[in-house]
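Student: One structure coming up, written as structure tokens, with questions to follow.
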Amino acid sequence: MNGTAQDFLTRCFALGDTIALLLRNERIAKTQQRIVPLERALAPRYRGWLAHENHYGTNIYVAANPLLSGSRKRTKDCIASIRHLYIDIDVNGETRLAALRASELVPEPNVIVSTSVGKYQVLWRVEDFDFYTQEMTLKLLAMAFHGDISCTDCNRVLRIPGFKNCKYDPAQLATVEYLSDATYQPDDFHLYVLREACMIPPIPQQPIRRDMQTNSEHDWAWVSRELAHGKDAVKLTQELASRRSDKPNPTYYAQRTVDMASARLWLMEGTSIADLIAMLESRRQPEIPAALCSARAREIAATAQRMIARNKVA
């Protein structure tokens with residue numbers, strides 16, 4: 001590990017933290033995960049091993065948040081605390097990064113990692129975020145600045161600068177720029193305007209019982225059947241919102257449920273992602289601000305894809 005990578009890890013984590021390193025070599029289809037104390041990752045011998053792996057085509061990543069001591073996996077349940085917010089910008093990188101840096105919706109980023117030409121990972125160091133607030137903020141960041149909407153999990157891994165990005169031939173060195181030493185809190189991110197525009201509901205107050213089928217599961221099954229039988233989606237949305245007036249935001253809930261079920265049905269029928277997104281946009285343009293409608297449609301399409309993939313694995 002070179003000085004750039006060592007400095008990045010030292011800035012992002014504290015001594016005593018447990019971190020997750022992910023090593024992925026796509027050429028030989030080999031993935032390794034190492035969960036170690038920060039001190040071990042910074043030791044000369046360990047740094048040398050990472051550099052050796054990278055030299056021979058392995059991409060090196062680190063989980064954005066520290067893990068609980070003794071963790072053996074990188075699941076959400078193993079996250080010790082929320083340390084960072086982040087956004088992946090992979091398309092029109094220069095323009096979108098400039099818009100982000102000029103925006104009053106977010107504070108100045110702490111770190112910008114250039115993962116390859118025109119592609120960036122932007123990080124903010126944060127505190128006092130719970131898991132729900134972090135993941136909701138990540139979704140809003142992706143919507144606001146056209147980031148990768150699928151990169152919004154608290155156990156997300158990030159490319160470590162100072163190592164080569166081996167997805168390209170020749171490999172490209174990931175570089176880093178440090179802009180701020182501040183630590184931000186939820187109130188520093190002024191994304192509530194987008195939250196209201198997207199009609200995202202507040203944090204649920206009641207725990208969900210898993211010993212019986214929930215009302216939401218009944219709703220999902222009913223909506224899926226109605227759509228399969230050709231019922232109009234807009235009328236179905238209105239009916240579901242009326243039935244579920246107990247929800248904090250019945251309209252959001254109904255739109256989300258109907259559109260997720262539609263996306264799943266369309267994908268299973270062989271509809272392309274591009275056509276699926278276009279149909280969702282067309283359906284909701286009269287109800288949702290145009291600037292956010294496309295991002296919302298892309299997020300629903302990606303979520304439906306993951307849902308189908310999980311069912312196939314199961």
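Residue 314, in UniProt numbering, is where the sequence shown stops; the numbers in between run on with no holes. All C-beta atoms, glycine included, are put in the ideal place defined by N, C-alpha and C. Because the structure is a prediction, the values reported are computed rather than measured.
1) Can you tell me the Cα-Cα spacing of alanine 182 and valine 111, whole angstroms?
2) Within a Cβ cutoff of 6 Å, which residues of the same chain sit near threonine 303, ignoring the five residues on either side of it in sequence?
3) Among the candidates Ile300, Pro66, Val91, Lys231, whose CA atom is the shortest distance from the CA of histidine 84?
4) With a threshold of 16 other CB atoms inside 10 Å of the CB of glutamate 269, please say whether the residue is buried or exposed.
5) Nearest-angstrom Cα distance between arginine 92 and alanine 263?
6) Excluding the 5 residues flanking arginine 27 on each side, which residues of the same chain have their C-beta closer than 6 Å to its C-beta?
7) On the three-state DSSP scale, how would you describe threonine 31?
8) If I follow the unbroken alpha helix (DSSP H) through serine 262, where does it start and stop?
9) Quick one: residues in its chain with C-beta nearer than 7 Å to the C-beta of alanine 314, no 5 flanking neighbours on either side, listed in chain order?
10) Please state whether DSSP places residue 326 in a helix, a strand or coil.
11) Look at the alpha carbon of leucine 267 and the alpha carbon of proline 161, and state the distance between them as a whole number of angstroms.
12) Would the beta-carbon of proline 107 fall within 7 Å of that of valine 122?
13) Less than 7 Å between the C-beta atoms of arginine 159 and alanine 174, yes or no?
14) If we ignore side chains and look at the alpha-carbon of each, how far apart do tryptophan 222 and threonine 214 end up?
15) What residue from Ala297, Ile288, Thr271 has the CA that sits closest to leucine 280's CA?
16) Specify the secondary structure class of aspartate 148 as computed by DSSP and reduced to three states.
17) Please return the same chain residues whose Cβ sits closer than 7 Å to the Cβ of asparagine 165, not counting the five positions on each side in sequence.
18) Is the distance from the Cβ of isoleucine 19 to the Cβ of leucine 38 below 7 Å?
19) For tyrosine 46, which three-state DSSP category applies?
20) How close, in whole Å, do the beta carbons of arginine 244 and proline 250 come, if the pair is a contact with beta carbons under 8 Å?
21) In the DSSP assignment, find the alpha helix (DSSP H) that holds glutamine 6 and state where it starts and stops.
22) Can you list, in chain order, the residues of its chain with a C-beta nearer than 8 Å to that of leucine 15? Leave out the 5 residues immediately preceding and following it.
23) Kindly give me the distance between the Cβ atoms of alanine 142 and threonine 152, rounded to whole angstroms, as I take these residues to be in contact under 8 Å.
24) Which residues in the same chain as alanine 295 place their Cβ atom closer than 6 Å to its Cβ, once the five residues preceding and following it in sequence are excluded?
25) Give me the Cα-Cα distance between lysine 119 and alanine 274, rounded to the nearest whole angstrom.
26) Can you give me the Cβ contacts of residue 319 inside the same chain, cut-off strictly under 7 Å, excluding the 5 residues immediately before and after it?
27) For glutamine 185, does the count of other Cβ atoms within 10 angstroms reach 16, so buried, or fall short, so exposed?
28) Can you list, in chain order, the residues of its chain whose CB lies under 8 Å from that of glutamine 33, leaving out five sequence neighbours each side?
29) Starting from serine 116, follow its DSSP beta bridges and name the residues at the other end.
30) Going by DSSP, which residues form a beta bridge with isoleucine 89?
Tutor: According to the data block:
1) 11 Å
2) Around threonine 303, the same chain offers no residue with a beta carbon nearer than 6 Å, after the five sequence neighbours per side are excluded.
3) Closest in alpha carbon position to histidine 84, among Ile300, Pro66, Val91, Lys231, is Pro66.
4) exposed
5) It is asparagine, not arginine, that sits at residue 92 in the sequence shown. Cα-Cα distance, rounded: 27 Å.
6) For arginine 27, the CB contacts under 6 Å within the same chain, skipping 5 residues up- and downstream, are Gly57 in chain order.
7) Look at threonine 31 here: in three-state DSSP terms it is strand.
8) 250-268
9) Residue placement at alanine 314 is poorly supported in this model, since its pLDDT is 45, which falls under 50; the coordinates are not used for a value here.
10) No information on residue 326 is available, as it lies outside the stretch 1 to 314 that the chain covers here.
11) C-alpha separation (whole angstroms): 37 Å.
12) No, the pair does not count as a contact, with Cβ atoms beyond the cut-off.
13) yes
14) 13 Å
15) Ala297
16) coil
17) Asn59, Thr115, Ser116, Arg159, Ala171, Gln172, Ala174
18) A contact, by the Cβ cut-off of 7 Å.
19) Taken through DSSP and simplified to helix, strand or coil, tyrosine 46 comes out as helix.
20) 5 Å
21) 3-12
22) Leu38, Glu39
23) 6 Å
24) Met143
25) 22 Å
26) The chain is shown from 1 up to 314; residue 319 falls before or after that span and cannot be answered.
27) An exposed status is given to glutamine 185, since fewer than 16 other beta-carbon atoms sit within 10 Å of its beta-carbon.
28) Ala20, Leu21, Leu22, Leu23, Arg74
29) According to DSSP, serine 116 shares a beta bridge with Lys119.
30) Tyr120
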